[in-house]
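**Q** Okay, handing you the structure first.
In my numbering, the protein residues as written are 4 to 76.
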């Protein structure tokens, strides 16, 4: 599985309407990520957070990106 496939898989999962914020380990289990890809999976989550495509917050919880409704002026 390449990084783009992994990014798409993570974003689709996190942006579902019924998604509840959880740790990467839980997401990996739900998506059936093999043990040998788990470190790549966690790096991909951190990379997506740096790109502002999702939130990787307190206690390592992964959340969809929320718009704050505030404009940066």
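Glycine included, every Cβ here is placed at the ideal spot set by N, Cα and C.
Given the structure is predicted, the values throughout are model-derived calculations rather than measurements.
For the beta strand (DSSP E) that contains residue 51, what are its first and last residues?
**A** Note, residue 51: premise wrong, no beta strand (DSSP E); alpha helix (DSSP H) at 41-53.
**Q** Look at the alpha carbon of residue 14 and the alpha carbon of residue 57, and state the distance between them as a whole number of angstroms.
**A** Using only the alpha carbons, I get a separation of about 8 Å.
**Q** So, helix, strand or coil for residue 13, using DSSP?
**A** Helix, per DSSP.
**Q** Using only the alpha-carbon positions, how far apart do residue 49 and residue 35 sit?
**A** Roughly 19 Å between the two C-alpha positions.
**Q** Tell me the rounded alpha-carbon separation between residue 59 and residue 67.
**A** Their backbone Cα atoms lie some 9 Å apart in a straight line.
**Q** Please list, in chain order, all residues of the same chain as residue 6 whose beta carbon is under 7 Å from its beta carbon, the five residues on each side excluded.
**A** For residue 6, where only same-chain residues beyond five positions count, the Cβ hits under 7 Å are 47.
**Q** Excluding the five sequence neighbours on either side, which residues of its own chain have a C-beta within less than 7 Å of the C-beta of residue 61, listed in chain order?
**A** The answer is none, since no qualifying residue turns up.
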